[in-house]
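Quick note on numbering: the sequence shown equals residues 894 to 1655 in my numbering. Reviewing the structure listed below.
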Amino acid sequence: MSITFNQERNVFLLDTPSSTYVIRLYEGRVLHGGWFRSIGAWSGACVLPMIDRAYAAVPEELHDKSDFSPDVQPQEFPVAGRGDTRSPALELVGKDGTVETELLYASHRIYAGKQPLPGLPATYTLADDDADTLEISMKDPCSDLELTLVYTVWRHFDAICRHAVVKNAGSSATYDVRSLMSASVDFPHARFSMLQLSGAHARERHIVSRKLVPGMQSVESRRCMSSHQQNPFVALAEFGADESHGEVFGFSLVYSGNFTARAEVDQFGMTRLQMGINPFNFAWQLEPGASLCSPELVMVFSAEGFGKMSRTYHDLYRSRLCRGEWKDKVRPVVINNWEATYFAFDTQKLFALADTAAKEGIELFVLDDGWFGKRNNDRSSLGDWVVNTSKLPKGLKEVSDGIHARGMLFGLWFEPEMVSPDSDLYRAHPDWCLHCGERSRTLSRHQLVLDLSRADVRDYLEQKISAVLESCRIDYIKWDFNRSPSDVASAALPARQQMEVSHRFYLGLYDLLERLTSKFPHVLFESCAGGGGRFDPGMLYYMPQTWTSDNTDALSRLAIQEGTSLVYPASAMSCHVSAVPNHQVGRVTSLSQRGHTAMAGTFGYELDLNALSEFERAEIAEQVAWYKAVRHTVQFGDLYRLRSPRDNAIGAESSLYAWESVEKDGSRALVTAAWAFAEANASCEILRLAGLEPDARYRIRSLCGLSVKLLLRQFFPSLPDQAFCVLPDGTELYGAELMYAGLHLVNQTSYGGSVQFLLEKV
């Protein structure tokens, strides 16, 4: 097993393929012993020594062991009070009105496999030999409080999944839980940079890194969603770590609501990393006999830099977090009508777009906002999930049948968690939205948020959505969430439980998603939240892909997709080509570059194909055929981030992004290089590949955009086809050459701003 307990030394060893995580027992206390590269055996000598520190409080029963203090020693799950003045992982108000808690070791059990978390998304095992689980039970000697720490150690992934369950085992008193983290890890030093994914709407998940300093540094969301601004992920990286070197510790929370991730550096230079539900506007009434379970935290160790960390997350999330019929299927090429028509469509306009899409080889037609109620703008009808017969007189079935007759799948947009004040639903049930008593209600995008903590609201949504999905053949759902909740209160809960609403909202959402995805297993669900506002592992458990950002500009997407790829697999990253000038930033980029950028994930189009030239449609047909040939490599291969402007040394400025997807069997690799801006007389870039077999020979094939050829041949009519490629098609090279010597990219204008080529093993 990957978990062992040495009774003589009172130590647990949790071994992933490349790391060892140590838990120590000392006088009933559960201490952290370290997390590092695999060590095989444990002598017990390599731990922080007991030091009698000035002003360090010692529990009375250990006073004759004054070299032990909770404020100095690494704790496995620190609680408020009892001498540890650093941030606690659990804080609650007891029956005596104090926050003083003490949790001592009671028992443990180790077993093969993994249990589901009650009401929460989490990773899962396919067989008991996938992973092993340790449960450590702790009790407060002066109260009825119990805590269970749960660790799942994966046998084939360098990952440990953690959560905690606090229980009121008494029969009378109620506890007020103010904070419950999913995990806490104490590191013996602070020689780390903390990396986070930060941004805003249409500018999500940009990589930000900073060195730790004394005190608290944190990222969080208080928006009742994981948010565009901060993603529920952080990493601690040793100084000098890069894509392929150095130790990195990743922390990814499987949760879609308010979260916090905080790193506290104490007076002795030790670092405490904690992650879990944000204590902001949170309290939980723990009634007698009741339990509260934290979300799961997925912790990944890499001794080979950020690249290895990312590939571990990708493999784990693709195979042991995503579920359903679509998780292992290649995803269809999409055409979405939104930027082609917005709200102004009818059946004929949709079919005209579908006719062209079918000719180009596109596989899935998605009807976006505006098909329901009286929805002709964004000011009405959310919640009224009945067909807008003024636009679609014969209903959705005519559209669905027509799309399928053209050889494509049919998809539909929903925004189930929202309600418009101008809607039949709101007029019938004004108390069904989140709101604070008699106060005025806060609108955003002219809409309110339904109270999913209520069972009657969830029942209504299940019935209405099911009726639509049963009315005709629907193969895909885009599930949108276009504003963050405010006025987070419920008319269905008493005053003392109002601070539970944010968490109950997500327990309700997860319940609704579980019902619908189980009832309609053939449907491909895609999550969206104003673009990437809820791109988190919690949503991936129900929906295997997420709309990456509302910003579809090819150059803006380079940084957004790079940051997203740090944690999330390409199969989860929905990326589309849109029209130019771009609708979000007004920029003009070549169709070739837009295609190359969008091929980093699941692929599609957000534009009016019928407004394009015949030449542009021919290039789209070429892109679609190419992507179909390479999509398995993109969606299920190993990702290597080869270059980024973040890598630039002083005096070596470059705007080059480059990434590579390699099939698991090494049979082929797709390489993409894209420049964020053009530079006159630019330096020659050397691109060293990765993940290839050194002694194998690879044959090169390129995707050369027709529009780029046409543009450049206006100025250079004699240019041969090979001028648009890194090397002529058919060139054969050894893996060692490609990885250690590298390819020379002459300049960005030669390729229209980007270049993409496929390597196939001979």
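All residues carry an ideal CB built from backbone N, CA and C; glycine is no exception. Just so you know, these numbers come straight off a predicted model, no measurement behind them.
Distance, residue j Cα to residue i Cα
i, j, result
"Asn903", "Tyr998", "11 Å"
"Lys1060", "Val1259", "46 Å"
"Gly927", "Thr913", "8 Å"
"Ala1566", "Leu1289", "42 Å"
"Thr1041", "Asp1033", "12 Å"
"Arg1594", "Leu907", "45 Å"
"Pro981", "Ser1077", "9 Å"
"Pro1587", "Cys1577", "24 Å"
"Arg1048", "Phe1529", "21 Å"
"Lys1007", "Arg1155", "27 Å"
"Ala1128", "His956", "37 Å"
"Met1678", "His1082", "Residue 1678 lies beyond the residue range present for the chain, which begins at 894 and ends at 1655; the question has no answer from this structure."
"Arg1204", "Glu1291", "43 Å"
"Gly1559", "Lys1222", "19 Å"
"Met1118", "Val1342", "12 Å"
"Pro1107", "Val1158", "5 Å"
"Tyr1004", "Trp1231", "50 Å"
"Ala1511", "Cys1215", "35 Å"
"His1138", "Ser1145", "21 Å"
"Ser1000", "Glu1407", "33 Å"
"Asp1429", "Ile1100", "16 Å"
"Arg1590", "Glu1553", "17 Å"
"Asp1294", "Asp1239", "15 Å"
"Tyr1235", "Glu1499", "11 Å"
"Gln1160", "Ala1551", "41 Å"
"Gln1641", "Ser1647", "7 Å"
"Gln900", "Leu918", "10 Å"
"Met1168", "Glu1113", "9 Å"
"Ala1452", "Tyr1210", "22 Å"
"Phe929", "Leu1166", "15 Å"
"Thr1164", "Ser1065", "38 Å"
"Phe1496", "Ile1170", "33 Å"
"Arg1002", "Trp1306", "46 Å"
"Ser1187", "Ser1075", "5 Å"
Test item: CB-CB of residue i and residue j under 9 Å
i, j, result
"Ser1316", "Gly1263", "no"
"Ser931", "Ser911", "yes"
"Leu1636", "Val1655", "no"
"Met1466", "Gln1454", "yes"
"Ala1233", "Leu1502", "yes"
"Leu1532", "Gly1200", "yes"
"Asp1245", "Gly1300", "Looking at the sequence itself, residue 1245 is Ala, so the reference to Asp does not match. Contact flag unset, no."
"Arg1213", "Thr1018", "yes"
"Arg1524", "Arg1224", "yes"
"Asn1151", "Ser1395", "yes"
"Val1141", "Phe1194", "yes"
"Thr1526", "Val1481", "no"
"Leu1405", "Arg1351", "yes"
"Ala1493", "Ala1463", "yes"
Residue i burial status per 10 Å Cβ neighbour count (16 or more: buried)
i, result
"Phe1336", "Reading off the sequence, residue 1336 comes out as Leu, not Phe. Looking at its Cβ environment, which holds fewer than 16 other Cβ atoms inside 10 Å, Leu1336 is exposed."
"Leu1417", "buried"
"Leu1652", "buried"
"Glu1189", "buried"
"Arg1055", "buried"
"Gly1645", "buried"
"Glu1331", "exposed"
"Pro967", "buried"
"Ser1485", "buried"
"Ile1543", "Because Ile1543 sits at a pLDDT of 45, beneath the cut-off of 50, its placement in the model cannot be relied upon, and the following sentence gives the value as read from the coordinates. Classification for Ile1543: exposed."
"Gly1012", "exposed"
"Gln1649", "buried"
Given residue i as reference, the closest of the options once Cα atoms are compared
i, options, result
"Thr1439", "Ile1029, Phe1398 and His1121", "His1121"
"Pro884", "Thr1164, Ile1370, Ala1388 and Thr1642", "Outside the shown range of the chain (894 to 1655) lies residue 884, about which nothing can therefore be said."
"Ser1483", "Asp1271, Gly1431, Val1226 and Glu1509", "Glu1509"
"Gln1178", "Arg1592, Leu1318, Tyr1068 and Ser1149", "Tyr1068"
"Ile1228", "Thr1441, Ser1471 and Leu1580", "Ser1471"
"Leu1549", "Ala1575, Arg1561 and Ser1273", "Ala1575"
"Asp1344", "Tyr1399, Glu1363 and Leu1209", "Tyr1399"
CB contact check: residue i to chain C, cutoff 9 Å
i, result
"Ser1075", "Given the protein chain composition of this structure (a single chain), no chain C is represented."
**OP:** Examine the Cβ distances between the stretch 1366–1383 and the stretch 1325–1339 and report whether three or more of them are shorter than 8 Å.
**Re:** yes
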